[in-house]
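Engineer: Dumping the structure here so I can ask a few things about it.
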Amino acid sequence: MHLALFNIGRMIAPEGDRRVAEFYAELDRINSLADDSPGFVWRMVDSDSNNATSVRPYEADPDMLVNLSVWESREAMFNYVYRSAHMDFLRRRREWFVPIKEAITVLWWVPLGHTPSLHEAIGRLDHLREQGPTPQAFTFRSYYEPLPAS
C-alpha cells in the first residue's frame, strides 16, 4: 500500500498579488524537492505547469488551493513534510493562507499503482471532517496502519 496526502489552503490574496508573490515564486522549488524526495510516488499537477495551482475544485471559493500526492510510506511523507526545506515553507503558512478551523489535511492508504482522483480526495477530507479519524481518512496525529488485504 501507498499513502495518499490531500490538503487544502485558502490564499489570503489571489495569484499575482504581492502578498502571495513569494509563495508562488518558491512553489517550483518546493515541488521539485518533493519530486526528488525518497519515497515520493506521484503528485497532482495541472496541464499547464509543474504544480496544481490552477486546479480549483471549490467553485464557490476560487482562492482555495489543493495539493494531492502519494508516498511509499508515512516515514517518507513525514520526512518531506516536516524534516526538509518544506518545513521552512510550512512555518510561513500564516503569511499566505487564511486560517481554516476544519481539518485541511487528510491521509489514506491506496493500493500500489492507484492514482487518487481529486473527487476521491475531497471525499476523504469530507469523511474526516464528518466522522473524525478512521482507517479510511486520518491525520499524522491520528494515524492508522493499512487495513489487511481481503
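For the sequence shown, numbering that gives the first Met the number 0 assigns the number 0 to the initial residue and increments by one for each residue that follows.
Where a beta carbon is used, it is the ideal one built from N, C-alpha and C, also for glycine.
Cα separation between Glu71 and Leu111?
Structural biologist: If I take the Cα positions, the gap works out to 9 Å.
Engineer: Name the DSSP bridge partner or partners of Arg9?
Structural biologist: Partner(s): Met63 and Val97.
Engineer: Please name the residue, chosen from Asp16, Gly8, Ala3 and Arg73, that lies closest to Lys100 on a Cα-to-Cα basis.
Structural biologist: Of the listed residues, the one whose Cα sits closest to Lys100 is Gly8.
Engineer: I'd like the list of long-range same chain contacts for Ala102, defined as Cβ closer than 8 Å, with 5 residues on each side in sequence excluded.
Structural biologist: Contacts found: Leu124, Leu127, Arg128 and Thr138.
Engineer: Per DSSP, Ala136 forms a beta bridge with which residues?
Structural biologist: Ala136 pairs with Thr133.
Engineer: What are the boundary residues of the beta strand (DSSP E) that Arg42 is part of?
Structural biologist: Segment Phe39 to Arg42, the beta strand (DSSP E) holding Arg42.
Engineer: Would you check if the distance between the CB atom of Tyr142 and the CB atom of Leu106 is smaller than 9 Å?
Structural biologist: Closer than 9 Å, so yes.
Engineer: For Ala136, collect the residues of the same chain with a Cβ closer than 6 Å to its Cβ; drop the 5 residues on either side in sequence, then sort them by chain order.
Structural biologist: Closer than 6 Å at the Cβ level, and outside the excluded window around Ala136, lie Val105, Trp107, Arg123, His126 and Leu127.
Engineer: Locate the alpha helix (DSSP H) running through Val80, then write down its first and last residues.
Structural biologist: Residues Arg73 to Arg82.
Engineer: Is the beta carbon of Glu144 closer than 9 Å to that of Trp95?
Structural biologist: No, the Cβ-Cβ distance between Trp95 and Glu144 is not below 9 Å.
Engineer: Can you tell me where the beta strand (DSSP E) with Leu106 in it begins and where it stops?
Structural biologist: Its beta strand (DSSP E) spans residues Thr104 to Val109.
Engineer: According to DSSP, Ser141 sits in a beta bridge with which residue or residues?
Structural biologist: Answer by DSSP bridge pairing: none, since Ser141 is not bridged.
Engineer: Can you tell me the Cα-Cα spacing of Leu64 and Phe77, whole angstroms?
Structural biologist: So the two alpha carbons sit approximately 21 Å from each other.
Engineer: Considering only the alpha carbon of each residue, which of Asp35, Met43 and Asp62 lies closest to Val19?
Structural biologist: Checking every option, the nearest Cα to that of Val19 belongs to Asp62.
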